[in-house]
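The structure appears right after this line, and notes come after that.
In this note's numbering, the protein residues as written are 1177 to 1843.
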């Protein structure tokens, strides 16, 4: 299929700053691929091109599609990477300039939480208002904005000064252990480039042409990375849609795209408004909805797919009636479709509970996207922790995770003894396991067990120092530790232990595949980097890959970037969608963008449903239809109620209903 005129204009614009405003379903990935190919055809060396995406899967697919237009050899020379993977490679080469060791590891979310909790306890920051997990999210936001602990102390949220104390010690502890969290990969690269201009200049000379996908999702530190790397030449093109900016809560800065011309003067703007996904009825509905936002760049999506059927809006009596409507609708429409051509979207994860219950009872096959992946299971995280200790002996967090797995008699008292000695000696915990002063202070049996554990780790470190055979070495390590056989002792009933054993064996299979993919030359650091950089979006798509004949259930946030012939959006009520928190905090425009994303996932059929009342805990609450329904063109929406007779409410529900009704009239 030929490129349309606006797509072709974008492909032919090779130099200078370019803002490509790509509406939903407008073929932006195709434009990026053709633009990279066109650069190479016009003499730009492939090794001078950097394209940044937000998921590893997207980067891999992009490289494969470039190879289809050019050659595999040329595609391999183009750097197509995520922000985090690119920065990881930079830091692997130069992090010693910032006082870290080059064998640093990446702290996973679980480790970050454990460390934040531990630090809060050390600082005696416990009790009402002290939430180390909330503070951890504040630390992440601070890093996304390149803010230091002293900046956080002056912010307007409860216990900000305490959070800043945790931030300061958290960062110190990470550095002591040669650990970086995901935010550090970006912030430390910015600091490196700002303090080492020669290193920055070398990267500017290497990457003369930059492209950034999903630019509306970038935060301040990602903007700084691109401003620094683009330098004076500013051969940077960004692709994004401000109308799909839905991650403000995790630091995404809409201003990056709205103010692009200010950051990169002389920028050219091209709008991609032809949609290749949806009917015009769906697009007109989406256009009218998002036009209510004031803080945006104007766009008007259109399609050659025809007008299509009207949007269906359904009023249900309560959440159970809504779920039953969804099940009945799916059964009715699946007659000439497949189950996996349907998606049910909801604003908040808790809404899936009643849907799952009813879909199971009505025999509708479904997959819930976003649940814990295989790699988040306890036994897999244990196995990975053993490998982390091998890769980075300073990784105290990983050691604490498995020091008593399987049980070695190393309880809280033993760990406290180890921690206290580490504070005095400033020696990593792994090196203290066979320290005479430590062993003398713990029971003899525990001392023997930990001495043996230390010997196994030391032996494995020598084995893993030689690249390759990661699967075989890991199996030997787990056998020597007694982990696989120890599962039977750790988990009851036996069936649970055997399932976990099967999971560990499957984990070893992933290592064997990694060995094979890397010609048996990979190091354990290589594997851990790949493991850590597999982000939530990659896991989401992996969980969908084998869904087979099943309806997809997912949050609207998780649906971004996907499309389905038929989409049902449930819970279209004030306080639910838009969410009450967004209403209270004045974030209605982001909620409207989220609704816009939901609407534009549909190719042919869009169904919006809402309940008149909803049970919340032990109360029945009256609900009003979402204001977003009113903002859609009424002539394009077919409002109806389910044909099925709904079970009458209970006496208790009726009492609550009339009490709330009286209160509304009185007010």
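Glycine included, C-beta positions come from ideal geometry on N, C-alpha and C. Every value quoted in this text rests on a predicted model; they were computed, and no experiment measured them.
In its own chain, which residues sit with a C-beta less than 7 angstroms from the C-beta of residue 1209, not counting the 5 before and 5 after it? 1238, 1241, 1242, 1245
For this session: Below 7 angstroms CB to CB, which residues in the same chain sit around residue 1676 once its five sequence neighbours on both sides are set aside?
Result: 1555, 1663, 1667
* Determine the DSSP secondary structure at residue 1400, reduced to helix, strand or coil. => helix
Practice task
Pick helix, strand or coil for residue 1447, following the three-state DSSP scheme.
Solution key: strand
key: Classification of residue 1300 by the beta-carbon crowding that lies within 10 angstroms, buried from 16 upward   = exposed
| query | Are the region 1620-1633 and the region 1692-1710 touching by the rule of at least three beta carbon pairs closer than 8 angstroms? | reply | no
- Does DSSP put residue 1389 in a helix, in a strand, or in coil? coil
Problem set entry | Segment contact, 8 angstroms Cβ cut-off, at least three pairs: the region 1219-1236 with the region 1499-1509 | no
Discussion item. Please classify residue 1418 as buried or exposed, where buried requires at least 16 other C-beta atoms within 10 Å of its C-beta.
Written reply: buried
| message | Using CA atoms only, rank isn't needed, just tell me which of 1480, 1602, 1535, 1647 is closest to residue 1780. | response | 1480
- Of all Cβ atoms in chain B, is any one closer than 8 angstroms to the Cβ of residue 1621? Although the question refers to chain B, the structure presented lacks it and comprises just one protein chain.
| said: Suppose you measure from the CA of residue 1469 to the CA of residue 1765; what does that come to, to the nearest Å? | reply: 6 angstroms
Extent of the continuous beta strand (DSSP E) run through residue 1795
1795-1798
message: Count Cβ pairs between the region 1387-1403 and the region 1337-1348 that sit closer than 8 angstroms; are there 3 or more?
response: no
- Query: Mapping DSSP to helix, strand and coil, what is residue 1722?
  - Reply: Legend: pLDDT at residue 1722 = 48, less than 50; position of this residue unreliable, value from coordinates given subsequently. In the structure shown, residue 1722 sits in coil (DSSP, three-state: anything other than H, G, I, E or B).
Could you pull out every residue in the same chain whose Cβ sits closer than 6 angstroms to the Cβ of residue 1770, ignoring the five residues on either side in sequence? 1422, 1732
**Item:** First and last residue of the uninterrupted beta strand (DSSP E) at residue 1416
**Value:** 1412-1416
task: With DSSP as the reference, please indicate the residues paired to residue 1730 in a beta bridge.
output: 1521
*When DSSP builds the beta bridges, which residues end up paired with residue 1781?*
1742
query: Under 8 angstroms, do residue 1680 and residue 1660 count as touching if we go by C-beta distance?
result: yes
- Message: Am I right that residue 1785 and residue 1744 are in contact with their C-beta atoms under 8 angstroms? What's the rounded C-beta distance?
- Response: 7 angstroms
Excluding the 5 residues flanking residue 1296 on each side, which residues of the same chain have their C-beta closer than 7 angstroms to its C-beta? 1302, 1306, 1308, 1342
What first and last residue would you give for the beta strand (DSSP E) that runs through residue 1562? Segment 1554-1567 is the alpha helix (DSSP H) holding residue 1562; no beta strand (DSSP E) there.
- Query: Does the Cβ of residue 1526 have 16 or more other Cβ atoms within 10 Å, making it buried, or fewer, making it exposed?
  - Reply: exposed
Whole angstroms are fine: how far does the CA of residue 1372 sit from the CA of residue 1366? 10 angstroms
Give the secondary structure of residue 1788 by DSSP, where H, G and I count as helix, E and B as strand, and everything else as coil.
coil
- Task: Put residue 1712 into one of helix, strand or coil per three-state DSSP.
- Result: For residue 1712, the pLDDT reaches just 48, beneath the cut-off of 50, and the residue's location in the model is therefore unreliable, although a value from the coordinates is still provided. Of the three classes helix, strand and coil, the one that applies to residue 1712 here is helix, per DSSP.
- Query: Pick from 1228, 1332, 1454: whose alpha carbon is nearest that of residue 1199?
  - Reply: 1454
Checklist entry - To which residues does DSSP link residue 1357 through a beta bridge? => result Residue 1357 pairs with nothing; no bridge assigned.
message = Is it buried or exposed, residue 1795, if we count other Cβ atoms within 10 angstroms and call 16 or more buried?
response = exposed
The region 1457-1465 / the region 1802-1813 touching (three or more Cβ pairs under 8 angstroms):
yes
*Compute the Euclidean distance between the alpha carbons of residue 1426 and residue 1432, then round it to the nearest angstrom.*
15 angstroms
Near residue 1553, what residues of its chain come up, given a Cβ to Cβ distance below 7 angstroms and the 5 sequence neighbours on each side ignored? 1679
If you reduce the DSSP assignment to three classes, tell me which class residue 1579 lands in. coil
Under 8 angstroms by Cβ, that's how I've got residue 1226 and residue 1361 pegged, so tell me the actual separation to the nearest angstrom.
Actually they are not in contact, since the Cβ atoms of residue 1226 and residue 1361 sit about 16 angstroms apart, beyond 8 angstroms.
**Item:** Whole-angstrom distance between residue 1496 and residue 1336, CA atom to CA atom
**Value:** 42 angstroms
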